[in-house]
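Comments concern the structure below.
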Amino acid sequence: MTAPTGIRTTASSYDDLVRRVLDGRLGPDPGTQRITVAFTTRQAVRHDGRGGGYRNEVLSLRLAEAVGSCAVEPGALPDGAVEDCVGADVARLLRHELLPVRVAALDAYLMHVRPHRPAGGARPFPLPAGTSLHKSRARARAVVELLDAPPGSTVLVVGVVNSLLEALRRRGLAYVPCDLKGGTTEWGEPVRTDAAAELERCDAILASGMTLGNGSFEPLREHALRHGKELVMFAQTGSAVLPCLIGAGVSAVCAEPYPFFWLDGGPGTIHRYGAAL
Numbered sequence: 001m002t003a004p005t006g007i008r009t010t011a012s013s014y015d016d017l018v019r020r021v022l023d024g025r026l027g028p029d030p031g032t033q034r035i036t037v038a039f040t041t042r043q044a045v046r047h048d049g050r051g052g053g054y055r056n057e058v059l060s061l062r063l064a065e066a067v068g069s070c071a072v073e074p075g076a077l078p079d080g081a082v083e084d085c086v087g088a089d090v091a092r093l094l095r096h097e098l099l100p101v102r103v104a105a106l107d108a109y110l111m112h113v114r115p116h117r118p119a120g121g122a123r124p125f126p127l128p129a130g131t132s133l134h135k136s137r138a139r140a141r142a143v144v145e146l147l148d149a150p151p152g153s154t155v156l157v158v159g160v161v162n163s164l165l166e167a168l169r170r171r172g173l174a175y176v177p178c179d180l181k182g183g184t185t186e187w188g189e190p191v192r193t194d195a196a197a198e199l200e201r202c203d204a205i206l207a208s209g210m211t212l213g214n215g216s217f218e219p220l221r222e223h224a225l226r227h228g229k230e231l232v233m234f235a236q237t238g239s240a241v242l243p244c245l246i247g248a249g250v251s252a253v254c255a256e257p258y259p260f261f262w263l264d265g266g267p268g269t270i271h272r273y274g275a276a277l
């Protein structure tokens with residue numbers, strides 16, 4: 001069976017999307033698709049001119065030419081998880097006990113059968129070569145342009161990236177920074193740790209795809225759908241997953257498949273979905 005190349009089908013929820021894949025409705029039987037390579041990527045960052053830094057760890061699974069990814073908290077992935085994925089079929093991994101494995105497997109499958117192409121609704125956005133901070137700011141501009149919120153609106157930012165906060169400031173948008181790690185922003189603002197508690201006082205939501213891997217995505221999607229709020233996702237985790245949920249609470253997606261902007265100083269491409277720019 002050849003991979004479909006048409007417009008992405010909107011699923012009603014993350015679980016609905018998984019069911020569609022397991023039922024073979026979006027491409028070949030996932031029980032016949034095997035992961036050939038599994039790996040983790042770890043990084044620590046401190047941009048020039050920034051006071052603080054951060055760490056990332058990402059699980060990635062390769063299916064044929066496609067790579068699917070899910071970020072995890074550094075050190076959270078148990079020993080043996082990578083080896084457990086190699087040679088396994090996607091159907092088994094979609095039922096794996098570890099949520100990050102399930103998300104990475106779904107992302108790999110969807111990247112394989114529905115890659116980021118204009119025919120599927122993707123609009124490529126070039127990232128320039130440059131320093132890590134230069135590329136971070138370029139990506140932030142691409143993400144924030146997907147928001148349709150007018151100046152003075154308050155945006156809940158789930159997954160704090162200082163370059164995104166900087167871009168929101170330039171747009172005249174207020175924000176509530178939220179991240180499970182807590183701490184403070186580059187400007188000394190306290191970072192909230194309970195996104196659900198902040199939803200009611202925000203006009204729009206800007207969230208990391210990492211919410212898929214820690215189980216906090218569906219409450220954000222359901223709130224946005226119920227209240228008619230914008231939910232814009234910036235997605236290294238689940239870059240092929242989240243475009244399938246546009247129209248079901250997700251408004252727009254900035255999709256960034258592996259390799260991510262922070263891995264290379266050369267030019268790159270991200271893919272934007274869902275907003276009329």
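FYI, the numbering for the sequence shown is 1 to 277, going by full-length UniProt numbering.
For each residue, glycine too, the CB sits at the ideal point set by N, CA and C.
About 6 Å separates the CB atoms of L106 and V21; that is less than 8 Å, so the two are in contact. Excluding residues up to 5 positions away in sequence, R8, G121, V253, A255, Y273 lie with their Cβ nearer than 7 Å to the Cβ of P243 in the same chain. Collapsing the DSSP output to three states places F261 in a helix. Note that the C-beta distance between W262 and V45 is below 8 Å. For V253, the enclosing beta strand (DSSP E) has its first and last residue at 252-255. With a cutoff of 8 Å on beta-carbon distance, L147 and V157 are scored as not near each other.
Assigned with DSSP and collapsed to three states, T32 falls in helix. Rounded to whole angstroms, A138 and P126 show a C-alpha spacing of 9 Å. Annotated three-state conformation of T211 is helix, per DSSP.
Per DSSP, the continuous beta strand (DSSP E) segment holding R123 begins and ends at 123-127.
When secondary structure is reduced to three states using DSSP, S163 falls in the helix class. With the rule of 3 Cβ pairs closer than 8 Å, the segment 126-135 does not count as touching the segment 167-174. A142 sits in a helix when the DSSP states are folded into three classes.
Around F260, the same chain offers Q236 as residues with beta carbons nearer than 7 Å, after the five sequence neighbours per side are excluded.
Around the beta carbon of D179, 16 or more other beta carbons lie within 10 angstroms, which makes this residue buried.
Distance from the Cα of P267 is smallest, within the candidate group G24, G209, P150, S136, for S136.
Of the other Cβ atoms in all chains shown, fewer than 16 fall within 10 Å of the Cβ of E83; this residue is therefore exposed.
For G68, DSSP records a beta bridge to L61.
Counting of Cβ neighbours within 10 angstroms places E65 among the exposed residues, the total staying below 16. Proximity to V250 across R114, Y258, C202, P219 peaks at P219, based on C-alpha coordinates. By the Cβ rule, the segment 25-32 does not count as touching the segment 206-226, because fewer than three pairs are nearer than 8 Å. In the DSSP assignment, H271 falls within the unbroken beta strand (DSSP E) covering 268-273.
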